[in-house]
Every structure is written in structure tokens, then in C-alpha cells.
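See below for the structure under consideration.
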Amino acid sequence: NAIIHKLSHQKLHINFFEVEITEKVENGLSNDDLKKFPFPIVIYNFIEKYLK
């Protein structure tokens, strides 16, 4: 199901995909470190909801 993000001049239909991996990602970030970066609000909301 796409998330619809309404802007003043357009509607964005956004899909997120979850991928499971079994190996540690080299140079990866922890969820806490990821949350320190600036993101567009729709991506920020996804991170807050699904990356606990």
C-alpha cells in the first residue's frame, strides 16, 4: 500500500520495501544513529513507526 504524501502542488505516492538480511552490513548505521539525520517528513515518519 502506497503512502500518499500531499504537497501544495502535487501528490506523492510512496512505497517502502522491507528487506531482511542475514549478514551484518559493513559501514551500516544503528537505528539510533540513523534517526539523527535530517529526512523529509514522510521518510522520518516511516523510520519512527517501523524502525524501533
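For the sequence shown, position 3 (counting from the first letter as 1) is numbered 3 according to the working numbering, and the numbering increases by one without interruption.
Glycine residues also receive a C-beta, built at the ideal position from the N, C-alpha and C atoms.
Does the distance from the CB of residue i to the CB of residue j come in under 8 Å?
i         : j          : result
residue 5 : residue 42 : yes
In its own chain, which residues sit with a C-beta less than 7 Å from the C-beta of residue i, not counting the 5 before and 5 after it?
i          : result
residue 3  : 14 and 42
residue 35 : 47
residue 26 : none
Note down, in chain order, each residue of its chain lying with its Cβ closer than 8 Å to the Cβ of residue i, except the 5 sequence neighbours on either side.
i          : result
residue 16 : 3, 46 and 50
residue 11 : 4 and 5
Since residue i sits in a beta bridge, which residues does DSSP pair it with?
i          : result
residue 12 : 5
For a test of your reading of the model: does the CB of residue i fall under 7 Å from any non-hydrogen atom of the ligand ATP? Yes or no.
i          : result
residue 41 : No copy of the ligand ATP appears in this structure; indeed no ligand is present at all.
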